[in-house]
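For reference, the structure is listed below as structure tokens.
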Amino acid sequence: MLKTSAITHKMTTKSILDLKNLYENGHLNLEPGFQRQSVWTERDRAKLIDSILRNYPLPAIFLYKREENGNLVFDVIDGKQRLESIFKFIGSMRGQFRSRTQLPGTDAIEWVTWSLLKRKGLQH
0 MLKTSAITHK MTTKSILDLK NLYENGHLNL EPGFQRQSVW TERDRAKLID
50 SILRNYPLPA IFLYKREENG NLVFDVIDGK QRLESIFKFI GSMRGQFRSR
100 TQLPGTDAIE WVTWSLLKRK GLQH
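For what it's worth, numbering that gives the first Met the number 0 labels the leading residue of the sequence shown as 0, then goes sequentially.
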């Protein structure tokens, strides 16, 4: 008979800033060995950013919490492409990213960057 151990899970809500800080401090691993290569196009990334700006619900991101050398590390199980897109947009990853979208409360479609959203108080 196969011996199983209980898998526990905990649902928490983290802001984009929380995830950004985890990534920048080396506590968020986007490249665990089982993860595939990045395949999203810039258009795919722009669509995600547009969804975030419109406050559309997004699928959950799954992380595995483990300890490494006395530090907590979160391996990305599901959501790598979404996290990469967000980090590129806010400038945490090399290569700047922007999205052409309509900001809430405006009629104009414009190029939007994270710094523009911060100035307008629209970042999440």
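Even glycine gets a Cβ: it sits at the ideal position worked out from N, Cα and C. Keep in mind it's a predicted model, so treat the numbers as computed, not measured.
| Check | Outcome |
| --- | --- |
| Three-state secondary structure assigned by DSSP to PHE86 | helix |
| Presumed contact (8 Å Cβ cut-off) between ASP74 and TYR63, rounded CB distance | 4 Å |
| Proximity to HIS8 [Cα-Cα], best of ALA59, LEU16 and GLN36 | ALA59 |
| Of the residues LEU29, GLY104, GLY32 and PHE88, the one placed nearest ALA45, counting alpha carbons only | PHE88 |
| Cutoff 8 Å: MET10 Cβ touching any chain B Cβ | The question asks about chain B, but that chain is absent: this structure has only one protein chain. |
| Span separating the alpha-carbon of GLY69 from that of THR105 | 48 Å |
| Rounded C-alpha distance that separates LYS13 from SER84 | 16 Å |
| Which of helix, strand or coil DSSP assigns to ARG93 | Its pLDDT being 46, under 50, ARG93 is placed unreliably in this model, and the value from its coordinates should be taken loosely. DSSP places ARG93 in coil when its eight states are reduced to three. |
| Whether HIS26 touches LEU82 by CB criterion (8 Å) | no |
| Through-space distance from ASP43 to GLU30, alpha-carbon basis | 20 Å |
| Per-residue DSSP class, three states only, for GLU66 | strand |
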